[in-house]
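Asker: Going by UniProt numbering, the sequence shown opens with residue 1, and the numbers climb by one from there.
Yeah, the Cβ is synthetic: ideal placement off N, Cα and C, and Gly gets one too.
I am attaching a structure below and will ask some questions about it afterwards.
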Amino acid sequence: MSQREGFTSGFVAGAFLGGLVGGVLGAVLVNRGRKGLDESENRPLLEENHGARLNPEESMEIARRNLEDKIARLNLAIDDVRQQLGTVNENGIDR
1 MSQREGFTSG
11 FVAGAFLGGL
21 VGGVLGAVLV
31 NRGRKGLDES
41 ENRPLLEENH
51 GARLNPEESM
61 EIARRNLEDK
71 IARLNLAIDD
81 VRQQLGTVNE
91 NGIDR
């Protein structure tokens, strides 16, 4: 009975403490990631324009091209992971 009495308070305290630690860790990692995120990818776009003002059509076209490039890279990464998982699954079946 003594274990049941302390379970609820221990569970609530653990959930609170875990949420607090997870939240702080997540915030630190997000801030750390934002500092170096996409700086290298955005430089060609900024250098290409040399500070010139773009009309909305041009900026939409540039954004569309950038999105298409990113989608293509994601698709390649997905295909690579599928191949790796297929190899792992095939090895597991052969044994």
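(1) Would a check of beta-carbon distances place residue 88 closer than 8 Å to chain B?
(2) In angstroms with no decimal places, state the Cα-to-Cα distance between residue 79 and residue 56.
(3) Measuring only the C-alpha atoms, how far is residue 22 from residue 34?
(4) Just how far apart, CA to CA, sit residue 77 and residue 61?
(5) Between residue 70 and residue 16, what straight-line distance do the alpha-carbon atoms span, to the nearest angstrom?
(6) Quick one: what does DSSP say residue 54 is sitting in, helix, strand or coil?
(7) Return the CA-CA distance between residue 53 and residue 72, expressed in angstroms with no decimal places.
Answerer: Based on what the coordinates show:
(1) Absent from the structure is chain B; it holds one protein chain and no more.
(2) Mapped onto the sequence shown, residue 79 falls at position 79. Mapped onto the sequence shown, residue 56 falls at position 56. Residue 79 and residue 56: Cα-Cα distance of roughly 34 Å.
(3) One-based indexing of the sequence shown puts residue 22 at position 22. One-based indexing of the sequence shown puts residue 34 at position 34. If you take the alpha carbons of residue 22 and residue 34, they lie about 18 Å apart.
(4) Within the sequence shown, numbered from 1, the residue matching residue 77 stands at position 77. Within the sequence shown, numbered from 1, the residue matching residue 61 stands at position 61. Each residue's Cα considered, the two are about 24 Å apart.
(5) As a working mapping, residue 70 is identified with position 70 in the sequence shown. As a working mapping, residue 16 is identified with position 16 in the sequence shown. So the two alpha carbons sit approximately 38 Å from each other.
(6) Counting from 1 along the sequence shown, the entry for residue 54 is found at position 54. Three-state DSSP puts residue 54 in coil, outside helix and strand.
(7) Counting from 1 along the sequence shown, the entry for residue 53 is found at position 53. Counting from 1 along the sequence shown, the entry for residue 72 is found at position 72. Computed Cα separation, rounded: 28 Å.
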